[in-house]
Amino acid sequence: MCIKRKQRCPRVAVGSHGPLLLLLLLVEGVCVDSYKPVIIVHGIFDGPQQFQNLSRFIKKVHPGTEVTVIDLYDDLLSLQPLWKQVPDFRQSFNSIMKNAPDGVHLLCFSQGGLICRALLSTTSNHNVHTFISLSSPLAGQYGDTDYLQKVFHKTLKKNVHFICYNKFGQKVSICDYWNDPHQRRSYLRNNIFLPLLNGERPHRDMKAWRENFLQIKKLVLVGGPDDGVITPWQSSHFGFYNSSENVVEMQNQEFYLNDAFGLKTLDQRGDVVACVHSGVKHTTWHSNFTVFRNCMEKWLT
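Written out as structure tokens, the structure reads:
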């Protein structure tokens, strides 16, 4: 049997004699499609059950695909600090990856996108082909949203830095990517997750993390203006506020210009894909078939 994993094999119309003809084709060595496994990492307050539709979408258009939604830190446990979550996600990630010699795809939603970035940066010799970041606060979060109120009741965004930028606040996941544009020095000094991941604060592992991240073949960024949670929504495409709360797009961000973690290199390679989709609320990205067809399907082969 000849099974192709890295390229599409010719399609054969089998008609009413499908099973018999397919058997004959396999015996003769005609290639059939086989797709790379897809690993899904959920977001804050989520778990595997929220991704049943997305799993079905993948299997519908790419039959036989192995899809795994990692069942860790579900629901309220997702508030655990991200550097605590990452090693446990890595164990599951590694166990799937080692059984997939031709590579895997990583599809990560919301907070999960940051967990996946940390996995990619801190894991040497991974074999992730495509990393799809689905509505994730890649450059940080700064907004008065329902999610903020679930975590810090009645606290306005301008006051969250008092909670987040200390050793106690950094034990809550949302604080790990809270990026107050008016408290830049405090963010860089006291946030122990995102400034390191983005290379905004120098550290001894920067070079190794950058090399690890650059092992991916494609980075797909999905987000849109009607999200309602990721603030600014352009953070899903590595854009973020300046001190005047005007959005600075990815190509003008300091971490891009400095190529601190490899984003500029990926972009110049032609391996960064941005998909903007309007009319989609945050909690419906992973259950919207149109979003899947337009932004994800072609990259999961």
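Count the sequence shown with mature numbering (1 follows the signal peptide of the UniProt record, and there is no 0) and you get residues -34 to -1, 1 to 267, in order. Cβ atoms here follow ideal geometry from the backbone N, Cα and C, with glycine treated the same way.
Non-local C-beta neighbours of HIS203 in its own chain, meaning closer than 8 Å and more than five positions away in sequence, comprise LEU104, LEU187, GLY189, GLU215, MET216, ALA240, VAL242, ordered along the chain.
Of all C-beta pairs linking the region 63 to 72 to the region 145 to 160, fewer than three are shorter than 8 Å, placing the two stretches out of contact. Judged by pairs of C-beta atoms under 8 Å, the region 121 to 132 does not touch the region 206 to 215, as fewer than three such pairs exist. The region 2 to 9 makes contact with the region 33 to 53: 3 or more CB pairs, one atom from each, lie closer than 8 Å. Selection VAL195, PHE221, ASP12 evaluated against LEU163 yields PHE221 as nearest (Cα-Cα).
ASP192 sits close to VAL246, with the two beta carbons spaced by under 8 Å. With at least 16 other beta carbons inside 10 angstroms of its own, THR96 counts as buried. Annotation for THR231: the continuous alpha helix (DSSP H) segment containing it runs 229 to 234. Taking 8 Å as the cut-off, the beta carbon of LEU266 is found closer than this to the beta carbon of ILE24. In the structure shown, the three-state DSSP call for ALA240 is strand. Boundaries cannot be given for LYS183, as no beta strand (DSSP E) includes it and DSSP labels it neither H nor E. PHE59 and HIS252 do not touch by the CB rule: their CB atoms are close to 19 Å apart, not below 8 Å.
Where LEU86 is concerned, the enclosing alpha helix (DSSP H) starts and stops at 77 to 88. Taking all protein chains in view, the Cβ of GLN200 is crowded by 16 or more other Cβ atoms within 10 Å, so the residue is classified as buried. Taking 8 Å as the cut-off, the beta carbon of VAL138 is found closer than this to the beta carbon of VAL117. Between the alpha carbons of ILE158 and THR256 lies a gap of roughly 37 Å. CA-to-CA, the gap between ARG176 and PHE227 works out to about 5 Å.
In the structure shown, VAL246 falls within a coil segment according to DSSP collapsed to helix, strand and coil. Taking all protein chains in view, the Cβ of LYS264 is surrounded by fewer than 16 other Cβ atoms within 10 Å, so the residue is classified as exposed. Beta-bridge pairing by DSSP links TYR207 to VAL213. Rounded to the nearest angstrom, the Cβ distance from ASN208 to PRO147 is 6 Å, consistent with a contact under 8 Å. If you draw a straight line from the Cα of VAL27 to the Cα of GLY78, it comes to about 24 Å. The alpha helix (DSSP H) runs lying completely inside the region 101 to 183 and spanning 4 residues or more are 112 to 117, 126 to 130, 150 to 156, 160 to 163, 172 to 179, given in chain order.
For ILE5, the enclosing beta strand (DSSP E) begins and ends at 4 to 7. Annotation for VAL33: no alpha helix (DSSP H) segment contains it, though the beta strand (DSSP E) segment containing it runs 33 to 35.
A check of alpha carbon separations from PHE55 across LEU45, GLY30, CYS74, LEU85 identifies LEU85 as the nearest.
Sequence-distant Cβ neighbours of ILE140 in its own chain, meaning closer than 6 Å and more than five residues away, are VAL117.
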